[in-house]
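Under the numbering used here, the first residue of the sequence shown is numbered 86, with each subsequent residue one higher. Ideal Cβ placement from N, Cα and C applies to all residues, glycine included. These numbers were taken from a predicted model, which means no experiment stands behind them.
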Amino acid sequence: MLKVERVSKHFGGVYANRDVSLDVAEGELRGVIGPNGAGKSTLFNLIAGHLRPDAGSISLAGAHIDRLPPHVRARRGVAIVFQGARLFAGMSLLQNVMVGAHAQSRAGLVSAAFRPPAQRREEREIRATAEQCLDRVGLLELADRPAEGLPLGQQRRLQVARALAGRPRLLLLDEPASGLRAAERTQLADLIRELNGAGTTILLVEHDVGMVTSLAHRITVLDLGAVIADGTPAEVTSDPAVVKAYLGT
Ligand code: ADP
Ligand code: MG
């Protein structure tokens with residue numbers, strides 16, 4: 086489904102990604118771990134198209150996507166929930182998700198206010214899709230309340246709903262559980278497992294190694310921009326190089 090081949094990206098003198106290769110099978114839930122500054126967010130931004138690699142290639146379902154802008158990659162099924170992603174506080178939960186859905190529609194968000202009648206049907210479809218997405222993350226009852234003041238656990242699930250609006254085949258989640266309390270974490274982990282079970286391929290960056298090892302089929306470990314290990318949770322967590330670089334600290 087996803088093939089990242091020898092990708093590098095530097096910012097000035099810092100190699101954020103160095104010769105990174107990654108092969109993710111369709112239906113897989115892949116964990117990506119590593120210390121702060123290891124290059125995890127950079128890798129996700131390269132895959133989603135918000136950064137361009139200096140070298141290497143990225144393909145999705147056999148087609149190169151390297152040169153496509155982020156919105157085109159989104160239409161091909163790549164969705165990202167950014168680390169520390171924000172919501173539109175003044176909008177309702179439903180509107181927050183509809184913004185995600187509009188970004189995927191042919192017309193796009195900009196023209197939403199000037200829709201001819203032919204597009205009203207699309208508008209209704211977008212609303213229905215947004216409601217389905219809220220339902221999948223367990224927030225449908227709260228659809229019309231403002232996003233402002235939402236507990237952090239619900240904010241994160243709303244961000245997932247927004248990403249789902251694009252009907253992704255590949256969902257990139259960058260530290261979705263950071264700052265969550267134990268109960269919220271469990272709820273989010275259940276949701277991630279459920280989405281993956283329903284067929285969405287998922288890449289999960291998470292600081293909580295326990296959460297990653299319990300969810301992921303395989304884990305890729307980054308350190309200083311490079312892949313230092315790749316394997317099953319058991320293989321990776323017993324790898325001396327991983328323990329030294331990451332788990333031991
Ligand atoms: P992680 O998500 O694993 O914490 P990042 O991908 O955010 O790591 O960062 C990897 C390295 O690249 C870090 O040294 C970081 O400071 C640097 N970096 C990331 N983004 C930028 C940027 N836009 N400009 C300059 N340096 C950056
Ligand atoms: Mg990061």
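Worksheet entry | Residue from 318, 326, 312 and 329 whose Cα sits closest to the Cα of residue 100 | Closest by alpha carbon: 312.
Fill in: With 16 other Cβ atoms within 10 Å as the buried cut-off, status of residue 275
With fewer than 16 Cβ atoms within 10 Å of its Cβ, residue 275 is classed as exposed.
Discussion item. Just to confirm the assignment, what range does the beta strand (DSSP E) spanning residue 144 have?
Written reply: 140-145 is the span of the beta strand (DSSP E), which, as asked, contains residue 144.
Practice prompt. Check whether the Cβ atoms of residue 265 and residue 123 sit closer than 8 angstroms, and answer yes or no.
Written response: With contacts defined as CB atoms closer than 8 angstroms, residue 265 and residue 123 fail to qualify as a contacting pair.
Fill in: Residue environment, residue 295, which counts as buried when at least 16 other CB atoms sit within 10 Å
Under this definition residue 295 is an exposed residue.
Worksheet entry | Residue environment, residue 129, which counts as buried when at least 16 other CB atoms sit within 10 Å | Within 10 angstroms of the beta-carbon of residue 129 lie 16 or more other beta-carbons, which makes it buried.
Practice prompt. Give a single yes or no on whether residue 260 has its beta carbon closer than 7 angstroms to a heavy atom of the ligand MG.
Written response: Indeed, a heavy atom of the ligand MG lies less than 7 angstroms from the Cβ.
Fill in: Boundaries of the alpha helix (DSSP H) in which residue 263 is found, first to last residue
In the DSSP assignment, residue 263 falls outside any alpha helix (DSSP H) and carries neither an H nor an E.
Practice prompt. Work out the CA separation of residue 98 and residue 323 for me, nearest whole Å.
Written response: C-alpha separation (whole angstroms): 32 angstroms.
Worksheet item: First and last residue of the alpha helix (DSSP H) that includes residue 303?
Response: That residue, residue 303, is in no alpha helix (DSSP H); its beta strand (DSSP E) goes 303-308.
Discussion item. Once DSSP output is grouped into helix, strand and coil, what is the label at residue 89?
Written reply: In this structure, residue 89 counts as strand in the three-state DSSP scheme.
Fill in: Sheet register partners of residue 167 (DSSP bridge)
None; residue 167 has no bridge partner.
Fill in: Residue burial classification, residue 260 (beta-carbon count within 10 angstroms, cutoff 16)
Buried, because 16 or more other Cβ atoms sit within 10 Å of the Cβ of residue 260.
Discussion item. Please enumerate, following chain order, all residues with a beta carbon closer than 5 angstroms to at least one heavy atom belonging to the ligand ADP.
Written reply: Per the Cβ criterion, the list is 96, 99, 101, 121, 122, 123, 124, 125, 126 and 127.
Fill in: Range of the contiguous alpha helix (DSSP H) that encloses residue 311
No alpha helix (DSSP H) holds residue 311; the beta strand (DSSP E) holding it covers 311-316.
Worksheet item: According to the Cβ coordinates, are residue 298 and residue 113 closer than 8 angstroms?
Response: Not closer than 8 angstroms, so no.
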